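S.K.:
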Amino acid sequence: MAVFTKVSDQDLTQFLADYDLGEAVHLSPIAEGVENTNYKLETTQGLFVLTLFERRTPADALPYVVGLMRQLDARGVAVPSPIADCTGAYLKGLCDRPALIVSFLKGRSLTDPGVDACREAGKGLAGLHKGAQGYGGFRPNPYGLSNWGSLAESCEQAADQAARKRLADILRALDWLTEFWPYHLPKGSCHTDLFPDNVFFHEGKLSGLIDFYFSCDELRAYDLAVCLTSWCFDRQNRFIPKRAEAMIAGYSAVHPLSADERAALPLLCLGASVRFTLTRLYDRLYPQEGAMVLEKDPEEFASRMDLFFEMTTAGKGIF
Numbered sequence: 082m083a084v085f086t087k088v089s090d091q092d093l094t095q096f097l098a099d100y101d102l103g104e105a106v107h108l109s110p111i112a113e114g115v116e117n118t119n120y121k122l123e124t125t126q127g128l129f130v131l132t133l134f135e136r137r138t139p140a141d142a143l144p145y146v147v148g149l150m151r152q153l154d155a156r157g158v159a160v161p162s163p164i165a166d167c168t169g170a171y172l173k174g175l176c177d178r179p180a181l182i183v184s185f186l187k188g189r190s191l192t193d194p195g196v197d198a199c200r201e202a203g204k205g206l207a208g209l210h211k212g213a214q215g216y217g218g219f220r221p222n223p224y225g226l227s228n229w230g231s232l233a234e235s236c237e238q239a240a241d242q243a244a245r246k247r248l249a250d251i252l253r254a255l256d257w258l259t260e261f262w263p264y265h266l267p268k269g270s271c272h273t274d275l276f277p278d279n280v281f282f283h284e285g286k287l288s289g290l291i292d293f294y295f296s297c298d299e300l301r302a303y304d305l306a307v308c309l310t311s312w313c314f315d316r317q318n319r320f321i322p323k324r325a326e327a328m329i330a331g332y333s334a335v336h337p338l339s340a341d342e343r344a345a346l347p348l349l350c351l352g353a354s355v356r357f358t359l360t361r362l363y364d365r366l367y368p369q370e371g372a373m374v375l376e377k378d379p380e381e382f383a384s385r386m387d388l389f390f391e392m393t394t395a396g397k398g399i400f
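Counting in this note's numbering, the sequence shown runs from 82 upward without gaps.
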């Protein structure tokens, strides 16, 4: 989450007039993350989250996102519940941006999740995939394999010498991914961004999955690979196999993996590390002026990309 667009008191009062949420008490920015503008909204009826959608979340994708969140919420998955206004509309304009209010979930994210948390996250992702079954919407992955080449080209146009070296590594990995990508694996509605900061825990238990704005139709095993790539490294950026084992075991206990899905995980982890290296590098090369945002280091995932490239080309498993 982040803040790119400032909302004035007057803007907020006019926006809330269409809702049955009482009067605004306090609006505080949420600085974590890099994609959309997020505020913690307190009204006389409770706490909510207000999101204004920025450059990476096109307006025509939002009905898919909201519909998926509503289905998951109705099926008992711990996700924020979208809030409609008095006319039944979920998406409305605010400060020239599409905006959405959702319920506020208890809990907080973990900065260095251990084995138990990884197991719970695996179970949570599997529950999401089960809850999403039968969803009627369709959205191709806006940051999937078919988009990584053009993203690399954009980065190359603004790259310095260090970035060019990394781009060479990325292009090498892209050649491998393009040749061996497992298109035949099962697909479904996926989160594709379930990093530790998008999972809440309360009293030792998983209490919420948030930030669905990159949700799309994708390989379910790729969604798990995004989690493995983002959860299973320590503060020194070392891969921790026990975390990966726990996450895969937690996922499989709820939604069993096929042998082909399990075998493809190193390759899919390579893909996930390429994706996040590229988008972080792009954000560094093309910063948005005036935004209150925590910049993410592309080198963190570039080193993970190196590891998974070695694993994949050597034919090693995930452990």
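Just so it is clear, CB atoms sit at the ideal spot from N, CA and C, and this is done for glycine as well. Values in this document were obtained by computation on a predicted structure and should not be read as measured data.
Determine contact between the segment 297-314 and the segment 339-353, defined as no fewer than three beta-carbon pairs at a distance below 8 Å.
M.R.: Because the criterion of three Cβ pairs below 8 Å is met, the segment 297-314 and the segment 339-353 touch.
S.K.: Can you give me the C-alpha to C-alpha distance between Asp99 and Ala213, rounded to a whole angstrom?
M.R.: Rounded to whole angstroms, Asp99 to Ala213 spans 30 Å at the Cα level.
S.K.: Alpha carbons only, please: which of Ser162, Met386, Gln238 is nearest the one belonging to Leu309?
M.R.: It is Met386 whose Cα lies nearest to the Cα of Leu309.
S.K.: Check whether the Cβ atoms of Ala202 and Gly285 sit closer than 8 Å, and answer yes or no.
M.R.: No; because the gap between Cβ atoms is not below 8 Å, this pair is not in contact.
S.K.: Would you kindly work out how many angstroms separate the C-alpha atoms of Ala140 and Arg156, rounded to a whole number?
M.R.: Computed Cα separation, rounded: 25 Å.
S.K.: Could you compute how far the alpha carbon of Ala353 sits from the alpha carbon of Gln95?
M.R.: Looking at the two C-alpha atoms, the distance is approximately 41 Å.
S.K.: Please report the distance separating the alpha-carbon of Asn279 from that of Asp154.
M.R.: When rounded, the distance between both Cα atoms is 16 Å.
S.K.: Determine the DSSP secondary structure at Met82, reduced to helix, strand or coil.
M.R.: Per-residue confidence for Met82 stands at a pLDDT of 43, beneath the threshold of 50, marking its modelled position as unreliable; the derived number appears in the next sentence. Met82 falls in the coil class under three-state DSSP.
S.K.: Which of the three DSSP states is assigned to Ser109 in this structure?
M.R.: Here Ser109 sits in strand by DSSP.
S.K.: Does the beta-carbon distance from Ala233 to Leu252 come in below 8 Å?
M.R.: In contact: Ala233 and Leu252 (Cβ atoms closer than 8 Å).
S.K.: Once the 5 residues before and after Thr393 are set aside, which same chain residues still bring their CB inside 6 Å of it?
M.R.: The answer, listed in chain order, is Pro347, Leu348, Leu351.
S.K.: Taking all protein chains shown into account, do 16 or more other C-beta atoms lie within 10 angstroms of the C-beta of Asp274, making it buried, or fewer, making it exposed?
M.R.: With 16 or more other Cβ atoms within 10 Å, it is buried.
S.K.: Could you give the first and the last residue of the continuous alpha helix (DSSP H) run that contains Ala383?
M.R.: That run of the alpha helix (DSSP H) goes 379-394.
S.K.: Could you pull out every unbroken alpha helix (DSSP H) segment of at least 4 residues lying fully inside the segment 292-353, listed in chain order?
M.R.: The segment 292-353 contains these whole alpha helix (DSSP H) runs: 301-312, 322-335.
S.K.: Quick one, which of Cys176, Gly398, Phe314 has its alpha-carbon nearest Phe382's?
M.R.: Nearest option by C-alpha distance: Phe314.
S.K.: Excluding the five sequence neighbours on either side, which residues of its own chain have a C-beta within less than 7 Å of the C-beta of Cys236, listed in chain order?
M.R.: So the qualifying residues of the chain are Ala244, Leu248, Leu359, Leu362, Tyr363, Leu366.
S.K.: Locate the beta strand (DSSP E) running through Glu123, then write down its first and last residues.
M.R.: From DSSP, the beta strand (DSSP E) with Glu123 extends over 118-124.
S.K.: So, is the C-beta of Arg385 closer than 8 Å to a C-beta in chain D?
M.R.: Protein chains in the displayed structure number just one, and chain D is not present.
S.K.: When DSSP builds the beta bridges, which residues end up paired with Leu131?
M.R.: DSSP, once it has assigned bridges, lists Tyr120, Ile182 as partnering Leu131.
S.K.: Are the CB atoms of Leu209 and Val147 within a distance shorter than 8 Å?
M.R.: Result no, Cβ atoms of Val147 and Leu209 do not sit closer than 8 Å.
S.K.: Give me the residue from Lys397, His272, Leu128 with the minimum Cα distance to Leu149.
M.R.: It is His272.
S.K.: Given this structure, state the Cα-to-Cα distance separating Glu260 from Val106, to the nearest angstrom.
M.R.: Going by the C-alpha atoms only, they are around 55 Å apart.
S.K.: For Leu131 and Ala198, I'd like the C-alpha separation in whole angstroms.
M.R.: Each residue's Cα considered, the two are about 27 Å apart.
S.K.: By a C-beta neighbour count over all protein chains shown, 10 Å radius and 16 as the cutoff for buried, is Glu391 buried or exposed?
M.R.: Glu391 comes out exposed.
S.K.: Mind listing, in chain order, the continuous beta strand (DSSP E) runs of no fewer than 3 residues lying wholly within the segment 142-208?
M.R.: 173-175, 178-184, all fully within the segment 142-208.
S.K.: Whose C-alpha, out of Ser296, Leu102, Leu266, is nearest the C-alpha of Phe185?
M.R.: The shortest C-alpha separation from Phe185 is found at Leu102.
S.K.: Classify Ser311: buried if its beta carbon has 16 or more other beta carbons within 10 angstroms, exposed otherwise.
M.R.: The residue in question, Ser311, is buried, as its Cβ has 16 or more Cβ neighbours within 10 Å.
S.K.: Within the continuous alpha helix (DSSP H) that includes Ser227, where are the two ends?
M.R.: From DSSP, the alpha helix (DSSP H) with Ser227 extends over 226-239.
S.K.: Quick check on Pro322: buried or exposed, where buried means 16 or more other Cβ atoms within 10 Å of its Cβ?
M.R.: Per the 10 Å Cβ criterion, exposed.
S.K.: Along the alpha helix (DSSP H) that carries Leu290, what are the first and last residues, could you check?
M.R.: Here Leu290 belongs to no alpha helix (DSSP H); instead the beta strand (DSSP E) covers 286-290.
S.K.: Counting C-beta neighbours from all protein chains within 10 Å, is the total for Pro379 16 or more, i.e. buried, or is it exposed?
M.R.: Pro379 should be labelled buried.
S.K.: On a CA-only basis, which of Gly174, Val355, Thr125 is nearest Val88? Give me that one, please.
M.R.: Nearest option by C-alpha distance: Gly174.
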